[in-house]
Amino acid sequence: MRRKVTKAIFPVAGMGTRFLPATKSIPKEIMTLVDRPLIQYAIDEARAAGIKEFIFVTSRGKGALEDYFDLAPELENALRKSGKDALLETLRATNMDSGAIAYVRQHRALGLGHAVWCAKRLISNEPFAVILPDDVIAAEQPCLAQMVEAYEQTGGCMVAAMEVPPAKAGAYGVLDVAEDMGSLVKVRGMVEKPPLGEAPSNLAVIGRYILTPKVLQTLNRMKSGAGGEIQLTDAIAEEIRQGREVYGHRFRGQRFDCGSKAGFLQATVAFGLAREDLRDEFQTYLGELMQAQQAAE
Ligand code: UTP
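Numbering-wise (the working numbering), the sequence shown opens with residue 2 and increments by one.
1) Grouping DSSP H, G and I as helix and E and B as strand, with all else coil, what is Pro12?
2) Which stretch, first to last residue, makes up the alpha helix (DSSP H) that contains Asp36?
3) Hey, Val178 and Val165: beta-carbon distance below 8 Å or not?
4) Mapping DSSP to helix, strand and coil, what is Ile27?
5) Measure the alpha-carbon distance for Gln107 versus Val117 and round it to whole angstroms.
6) Straight-line CA distance for Met163 to Gly84?
7) Which complete beta strand (DSSP E) runs does the stretch 32–96 hold, if anything under 3 residues is left out?
8) Locate the alpha helix (DSSP H) running through Met291, then write down its first and last residues.
9) Please indicate yes or no: does the CB of Arg93 lie closer than 7 Å to some heavy atom of the ligand UTP?
10) What are the start and end residues of the alpha helix (DSSP H) that includes Lys215?
11) Any chance the CB of Thr155 is under 7 Å from a heavy atom of the ligand UTP?
12) CB-CB under 6 Å to Ala49, same chain, minus the five flanking residues each way: which ones, in chain order?
13) Should Arg109 be labelled buried (16 or more other beta-carbon atoms within 10 Å of its own) or exposed?
14) Take Ala236 and list the residues in its own chain whose beta-carbon comes closer than 7 Å to its own, dropping the five residues that flank it on each side.
15) Evaluate Val175 with the Cβ neighbour count: other Cβ atoms within 10 Å of its Cβ, from every protein chain shown; 16 or more gives buried, anything less gives exposed.
16) Do the stretch 21–36 and the stretch 118–131 meet, that is, are 3 or more Cβ pairs less than 8 Å apart?
17) What's the gap between the Cα of Ala103 and the Cα of Lys5?
18) Given this structure, state the Cα-to-Cα distance separating Lys194 from Pro201, to the nearest angstrom.
19) Between Thr95 and Gln294, what straight-line distance do the alpha-carbon atoms span, to the nearest angstrom?
20) Can you have a look at Gly288 and say buried or exposed, based on whether 16 or more other CB atoms are within 10 angstroms of its CB?
21) Quick test of your reading: Glu180 and Arg3, contact by CB under 8 Å. State the CB separation rounded to the nearest angstrom.
22) With distance defined between alpha-carbon atoms, name the residue in Pro28, Glu90, Ala79, Leu72 nearest to Ala65.
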């Protein structure tokens with residue numbers, strides 16, 4: 002029997018410089034897509050995949066994130082008294098079980114690999130997931146749940162993979178594919194941010210991983226890689242060199258890069274249009290906006 006994946010690491014210690022000045026005082030993960038902070042989408046996806054323990058790797062200035070996961074008894078009382086049951090339910094759905102959340106500090110932003118390594122004492126000898134909350138994925142079956150299902154068959158390490166145009170591959174970790182099995186690919190190597198024209202495939206890694214504890218041991222010895230950061234991709238690539246299996250999972254769904262301004266705006270439009278309570282008004286507005294723009298051109 003394979004061990005179940007019940008722990009997830011959420012690395013949220015980055016500085017979020019692309020969203021300055023907002024991120025001067027608001028953690029990027031608290032920024033709202035429609036009416037929910039990015040971190041809530043990540044938590045919901047983790048829960049749907051059977052995750053029971055949530056480990057946040059934080060840094061200075063992320064207090065609002067910790068507060069977000071506190072109970073809000075005054076707010077709950079006020080909603081109950083005024084009979085706002087639907088809102089009360091919305092609020093309660095965000096409550097976390099006591100003891101289910103842990104926070105560790107990454108004192109210096111030395112890279113994603115280092116952030117994951119910081120959580121190592123909270124992961125014993127078991128597989129674990131890593132979720133980057135700024136990658137938001139709209140999918141019928143949540144992305145991590147798809148991966149957990151696939152992982153139950155394969156074991157090893159698994160990364161979420163997405164096709165990208167060659168001109169954009171340099172912004173991602175890219176898979177060198179040994180065997181393409183459709184929704185799964187067996188990986189022969191991985192290159193972080195390859196120079197233009199040198200990407201080994203068009204399959205890019207995005208922010209969902211299922212990793213074995215061996216990766217944490219590898220991270221113990223890691224030196225900085227691309228961009229001077231300790232890269233998670235390099236540690237996973239080392240797994241392959243050591244003869245262990247790594248898979249890419251072509252997930253079904255649409256990924257939004259909410260770590261970038263354009264991606265965040267796209268996600269806002271897509272998630273706004275997907276909401277029944279907003280769709281009609283929002284669609285009408287967007288239609289009128291397009292018409293006005295076309296008339297002005
Ligand atoms: P990004 O590359 O988006 O970096 O990190 P960032 O600092 O969040 O944002 P920009 O580029 O300055 O705008 C991807 C994920 O890895 C985490 C981030 O919090 C984000 O979830 N991360 C990155 C860490 O936790 N620690 C690090 O040292 C680097």
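Quick reminder that beta carbons are idealized off the backbone N, C-alpha and C, glycines included. These numbers come from a predicted model, not from an experiment.
Let's see:
1) strand
2) Premise fails: Asp36 is in no alpha helix (DSSP H) and is neither H nor E.
3) no
4) coil
5) 9 Å
6) 45 Å
7) 54–59
8) 277–297
9) no
10) 215–221
11) no
12) Pro143, Ala146
13) exposed
14) Gly114, Val216, Thr219, Leu220, Met223
15) buried
16) no
17) 19 Å
18) 11 Å
19) 40 Å
20) exposed
21) That pair is no contact at about 21 Å.
22) Pro28
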